[in-house]
Amino acid sequence: MPIQNSILVIAAHPDDESLGLGGTIHNATQSGKQVHVLFLSTGVGSRDLDRENTSERLAAARRALNVLGCYHINFGDFPDNSFDSVGVLSIAKFIEAKINEVQPRVVYTNFHSDLNVDHRLTAEASLVAARPKPGSPVDELYFYEVLSSTGWQFGATQFRPTCFVDITGSISPKLAALHEYATEIDDSPSARSYDAVKALARLRGSFVGFEYSEAFEIGFIRSRD
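Under this note's numbering, the first residue of the sequence shown is numbered 3, with each subsequent residue one higher.
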């Protein structure tokens, strides 16, 4: 059985979680839910793989999540921007082990059609690991959007949100968390700028009558009632 207040956020790279659902994470921790974040890679490319760069990226992720009230953080070591060299099954088994450990009722993961290959494989592996089979604790799975990857996927596979979370009270913590990833944030008009993050949250909010919102595609929802 799932732990009712347990949530698992799966992210290919550090900063995906704050860009995609930093406000939702803050909402959850402030309401007493236990949020676990599982990063599949450090986000440091192989050419930059030195101890100092990796340590700083991990520290930045911890600081960002601490701003959001999250302290349950784990890292995998799958190769950045090369998840396709590993294969979905290995990634799925890694995720499944965490699901078995924390028994989340709700899972959030990268969008299945992002431009970034690591995001796509993260979504596929998450679906495999969290599939609603008998005995699985997962009752809800959602895909989140990441500016500069989700928005650059064109055609029939574009992100089409069907779930919206009010983050009006959490937009400031979301932006504060992103400040911890200063080296990953660009100046406006980049899609990875503070202005763009805030504008997207305002746009998503306008769809459903909120000042600021984060949006998700529903993977599945099942009821035990």
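Even for Gly, the Cβ is constructed at its ideal location relative to N, Cα and C.
Item	Value
Tell me which same chain residues have a C-beta within less than 7 Å of the C-beta of His28, skipping the five on either side of it?	Leu70, Gly71, Ser172, Pro175, Lys176
Please classify Asn118 as buried or exposed, where buried requires at least 16 neighbouring CB atoms within 10 angstroms.	buried
Is the CB-CB distance between Ile9 and Pro106 below 8 Å?	yes
For Arg206, which three-state DSSP category applies?	helix
Please state whether the Cβ-Cβ distance between Phe212 and Phe166 is less than 8 Å.	yes
Which residue marks the beginning of the alpha helix (DSSP H) containing Ile93, and which one marks its end?	90 to 104
Just to confirm, is the Cβ distance from Ser208 to Asp197 under 8 Å?	no
Helix, strand or coil for His114? Go by DSSP, reduced to three states.	coil
How would you write the range of the alpha helix (DSSP H) that Leu123 sits in, first residue to last?	119 to 132
If you reduce the DSSP assignment to three classes, tell me which class Asp168 lands in.	strand
For Gly221, name the three-state secondary structure that DSSP assigns.	strand
Of the choices Thr56, Val104, Val88, whose alpha-carbon is the least far from that of Val37?	Val104
How would you call Asp79, buried or exposed, if buried means at least 16 neighbouring beta carbons within 10 angstroms?	exposed
Are Asp116 and Ser151 close, meaning C-beta to C-beta below 8 Å?	yes
In this structure, does DSSP put Gln32 in helix, strand or coil?	helix
In terms of DSSP beta bridges, what is Glu216 paired with?	Val167
Return the first residue and the last residue of the alpha helix (DSSP H) that His181 is part of.	173 to 181
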